[in-house]
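Residue numbers (my numbering): 48 to 225.
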């Protein structure tokens with residue numbers, strides 16, 4: 048009978064271990080789903096969470112925090128948006144990625160930005176080298192109706208022209224040494 052009790056205890060412990068392992072697997076799977084679902088900007092905030100519950104609580108606290116917390120964060124993002132400018136040494140693609148990341152954060156907090164507002168922001172925040180093409184866009188397109196992707200395509204074609212001219216200048220400089 049003692050052997051029977053011991054065997055029953057061992058079976059019970061094995062079942063408990065199996066249940067615990069199954070729970071850990073489900074938690075790890077849920078944590079993976081949460082981590083895969085968030086953007087690259089948000090991921091670092093939950094990267095060190097050791098359970099799905101911990102990650103969820105971090106996200107809930109940040110994005111469903113009190114109205115005051117959300118309001119303050121959104122106001123800071125609005126301020127950053129207003130002051131964001133392209134650096135002279137920055138490529139157009141790098142700047143647009145940086146600006147888009149900021150816009151996405153604002154949208155996460157419920158901000159609604161019209162296409163017109165985004166077009167205006169891009170045109171007024173580029174470095175001076177883009178002033179001529181910005182003037183052309185402003186004078187030939189209706190800022191109320193032109194779509195942001197169209198403006199970006201025009202700007203990227205201009206950037207390619209800059210790069211082509213820079214490559215030509217570099218080749219000529221090297222040719223002058225020979």
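Each residue gets a CB set at the ideal place from its N, CA and C atoms; glycine is no exception.
Note the first and the last residue of the continuous alpha helix (DSSP H) segment covering residue 129. 114-130
Whole runs of the alpha helix (DSSP H) within the region 128-202, excluding any shorter than 4 residues: Those alpha helix (DSSP H) runs which fall completely within the region 128-202 and span 4+ residues are 139-155, 162-172 and 178-187.
Of the listed residues 120, 89 and 97, nearest to residue 74 (C-alpha basis): Out of 120, 89 and 97, 97 has the C-alpha closest to the C-alpha of residue 74.
What did DSSP end up calling residue 96 once you bin it into helix, strand or coil? coil
Assuming residue 121 and residue 162 are in contact, meaning their beta carbons sit under 8 angstroms apart, how far apart are those beta carbons, in whole angstroms? The pair is not a contact, with the Cβ atoms about 20 angstroms apart (cut-off 8 angstroms).
I believe residue 170 touches residue 181 by the beta-carbon criterion, under 8 angstroms. Please report the beta-carbon distance rounded to the nearest angstrom. The pair is a contact, with the Cβ atoms about 5 angstroms apart (cut-off 8 angstroms).
Coarse secondary structure for residue 64, derived from DSSP in three states: helix
Counting beta carbon pairs with one atom in the region 115-134 and one in the region 152-160, are three or more of them shorter than 8 angstroms? yes
Could you tell me the alpha carbon to alpha carbon distance between residue 67 and residue 149, rounded to whole angstroms? 42 angstroms
Here's a check: name, in chain order, each residue in its chain whose Cβ is nearer than 7 angstroms to the Cβ of residue 105, leaving out the five neighbours to either side. 92, 93 and 96
Kindly list the residues whose CB is nearer than 7 angstroms to the CB of residue 139, restricted to its own chain and excluding five residues on each side of it in sequence; keep chain order. 202, 203 and 206
Out of 136, 123, 71 and 113, which has the shortest C-alpha to C-alpha gap to residue 176? Closest option to residue 176, Cα to Cα, is 136.
DSSP state of residue 212, grouped into three classes? helix
Out of 72, 186, 145 and 152, state which residue places its alpha-carbon closest to the alpha-carbon of residue 247. Past the boundaries of the shown model lies residue 247; the chain is included only from 48 to 225, so the question cannot be answered.
Are the beta-carbon atoms belonging to residue 81 and residue 99 less than 8 angstroms from one another? yes
For the putative contact between residue 152 and residue 124, defined by C-beta atoms under 8 angstroms, what is the C-beta separation to the nearest angstrom? 6 angstroms
For residue 199 versus residue 143, is the C-beta distance shorter than 8 angstroms? yes
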